[in-house]
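Chains as they are written, first to last, in my numbering: chain A, 1 to 223; chain B, 1 to 223.
Next comes the structure, spelled out in structure tokens:
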């Protein structure tokens, strides 16, 4: 009998071509489904996430819906799953959900964080976690730019191939640039931009970050 | 005129198939030589390291010998080189060496560090830096095992395809297991094994580490 599960997955996206399964390249979904097939012994394993992370993007707690053709004992299977997953993917929660469980409806908000540092300061050990950005940067202006995104706005200009009749208004609950001193990974300091909303359009977060950096580099002015 | 240079290279080996250039796969040497060709404009770029790191192994300060067909201005070229290298490879030193400079003779010792933690405690963010080892481990026995390697010993059993007439004695200057609390990367604690010598045979360090872990797991007894 078809059975639904909820999983919480953590992964380091560095070295993966994003979440979604694609032919020829290593993806998180492809790796997770392959190991799930091995561990459950089921041939048909279908996973669905509420969002698709791009290449290199990591996840701290990503909810994933899993559908199997018949029930399995998740309690004994969870440690086995983690034993067989590569060390940069961990499943921290795996439980049976109701038959009507729908990941797309049950995720209320998503938060993305983007960490960057001046390029010269980023050592190789920070590479999986921090982007290098060419300076000098006017970070006060970047903070002001980030704050402008908060609230209800039409993000049509931040979408990718948006159909003219698409709904492009989004409510941004948080859009904030913060400075961290001694964050680890051999970095003395870094900036972190966090953005939170019930949903984003494809490429929206990436283009918002691009605008904030362009502001800091003086290529874009605040209206 | 053929000119020799010394480089100090730092890199994160996670995601690379080791140092040495190989067809089809991404290696540190292949990436470095490609960017050096682009930045110097020279077609012939030859690099040589005193040792070859395996897939996944990182380097904190690896000396590399570079031979170009004619001199370049390293001072202006060094920042350009780092701008074009991927963020997980950095060159922190690049200077002209004498015409007789030989990296194989000028490196006096090498030090390898191997960091591990109990598999359950390793989160995905630690994956590029820390190996997960299946416990329980008798770490006191591992410390004793590590200490046995110090000094002058015949390491024939720790070599790979060793010819019968090869010199297999090595002087190990340091062989030590240490415990670190709160080392960063989201890890509460980890063990680090460090080993230092003028030279190692192929696979020697890997096999020494394997023995120490086998000791901790009770699969190997101290003589």
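We put the beta carbon where it would ideally sit given N, CA and C, even for glycine.
Run down chain B in chain order and give the residues with a C-beta less than 8 Å from the C-beta of residue i.
{"i": "residue 54 of chain A", "result": "Those within 8 Å of residue 54 of chain A in chain B number zero; the least Cβ separation is about 16 Å."}
Report back the beta-carbon spacing between residue i and residue j to the nearest angstrom; my notes put them in contact at under 8 Å.
{"i": "residue 133 of chain A", "j": "residue 190 of chain A", "result": "At roughly 10 Å, the Cβ-Cβ gap does not stay under 8 Å, so residue 133 of chain A and residue 190 of chain A are not in contact."}
{"i": "residue 6 of chain A", "j": "residue 60 of chain A", "result": "About 16 Å; that fails the 8 Å criterion."}
{"i": "residue 155 of chain B", "j": "residue 201 of chain B", "result": "6 Å"}
{"i": "residue 88 of chain A", "j": "residue 127 of chain B", "result": "4 Å"}
{"i": "residue 31 of chain A", "j": "residue 17 of chain A", "result": "That pair is no contact at about 11 Å."}
{"i": "residue 210 of chain A", "j": "residue 138 of chain A", "result": "Actually they do not touch by this definition, with Cβ atoms about 16 Å apart."}
{"i": "residue 117 of chain A", "j": "residue 4 of chain A", "result": "So it is not a contact: roughly 42 Å between Cβ atoms."}
{"i": "residue 45 of chain B", "j": "residue 12 of chain B", "result": "Not really, about 22 Å apart at Cβ, beyond 8 Å."}
{"i": "residue 74 of chain A", "j": "residue 95 of chain A", "result": "6 Å"}
{"i": "residue 194 of chain A", "j": "residue 174 of chain A", "result": "6 Å"}
{"i": "residue 29 of chain A", "j": "residue 21 of chain A", "result": "5 Å"}
{"i": "residue 222 of chain B", "j": "residue 141 of chain B", "result": "7 Å"}
{"i": "residue 64 of chain A", "j": "residue 47 of chain A", "result": "5 Å"}
{"i": "residue 192 of chain A", "j": "residue 178 of chain A", "result": "5 Å"}
Could you tell me which residues DSSP pairs with residue i in its beta bridges?
{"i": "residue 184 of chain B", "result": "B/187"}
{"i": "residue 153 of chain A", "result": "A/170"}
{"i": "residue 201 of chain A", "result": "For residue 201 of chain A, which the question treats as bridged, DSSP gives no partner whatsoever."}
{"i": "residue 5 of chain B", "result": "B/66, B/96"}
{"i": "residue 176 of chain A", "result": "A/194"}
Need the endpoints of the beta strand (DSSP E) that residue i sits in, please.
{"i": "residue 96 of chain A", "result": "89-96"}
{"i": "residue 13 of chain B", "result": "From DSSP, residue 13 of chain B is part of no beta strand (DSSP E); its letter is neither H nor E."}
{"i": "residue 49 of chain A", "result": "45-49"}
{"i": "residue 118 of chain A", "result": "110-118"}
{"i": "residue 144 of chain B", "result": "Segment 139-148 is the alpha helix (DSSP H) holding residue 144 of chain B; no beta strand (DSSP E) there."}
{"i": "residue 131 of chain B", "result": "131-133"}
What in chain A is Cβ-close to residue i, meaning under 8 Å?
{"i": "residue 127 of chain B", "result": "12, 86, 87, 88"}
Find the residues of chain B that neighbour residue i, judging by a C-beta separation of less than 9 Å, and give them in chain order.
{"i": "residue 122 of chain A", "result": "87, 90"}
Distance cutoff 8 Å, beta carbons only. Does residue i sit that close to anything in chain C?
{"i": "residue 184 of chain B", "result": "This model lacks chain C altogether; the protein chains it does include are A and B."}
Nearest chain A C-beta to residue i closer than 8 Å, yes or no?
{"i": "residue 132 of chain B", "result": "yes"}
{"i": "residue 51 of chain B", "result": "no"}
{"i": "residue 15 of chain B", "result": "yes"}
Alpha helix (DSSP H) containing residue i: first to last residue?
{"i": "residue 104 of chain B", "result": "103-106"}
{"i": "residue 57 of chain B", "result": "It is not in any alpha helix (DSSP H) - residue 57 of chain B carries neither H nor E in the DSSP assignment."}
{"i": "residue 39 of chain A", "result": "28-40"}
{"i": "residue 220 of chain B", "result": "Taken as a continuous stretch (DSSP letters only), residue 220 of chain B belongs to no alpha helix (DSSP H), as it is neither H nor E."}
{"i": "residue 83 of chain B", "result": "74-84"}
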